[in-house]
Amino acid sequence: MPRLKERFVVDTEGRRSHVLLKVQDYRRILADLEELESIRAYDAAKASDDEAIPFEQALAEIEQQRHSG
């Protein structure tokens with residue numbers, strides 16, 4: 035991963051309060067976070083003792099919950 039070229043906004047006391055990033059860098063960070071979230075969800079699912087169900091069944095259950103709640 036290339037080094038980010040961030041810039042900081044400081045408050046009146048010189049403390050860093052915000053970060054400015056190029057939009058491209060921000061989007062890359064978001065994509066990386068989404069991938070990490072998927073990896074964590076996969077790892078959690080593999081570690082659980084829950085029974086696996088077919089993908090189509092999972093989608094049907096999600097749709098059913100959407101319409102009933």
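When the count follows my numbering, it moves up by one through the sequence shown with no breaks and lands on 103 for the last residue.
Every residue, glycine too, gets a C-beta built ideally from N, C-alpha and C.
Item                                                                                      : Value
Same chain, Cβ closer than 7 Å to Asp-59, neighbours up to 5 away in sequence not counted : Leu-38
Check whether Phe-42 and Val-53 have beta carbons under 8 Å apart                         : yes
Beta strand (DSSP E) segment containing Ser-102, residue limits                           : Not the beta strand (DSSP E): Ser-102 falls in the alpha helix (DSSP H), residues 89 to 102.
Host beta strand (DSSP E) of Leu-54 (start-end)                                           : 50 to 54
Residue span of the beta strand (DSSP E) that contains Arg-41, given as start and end     : 41 to 44
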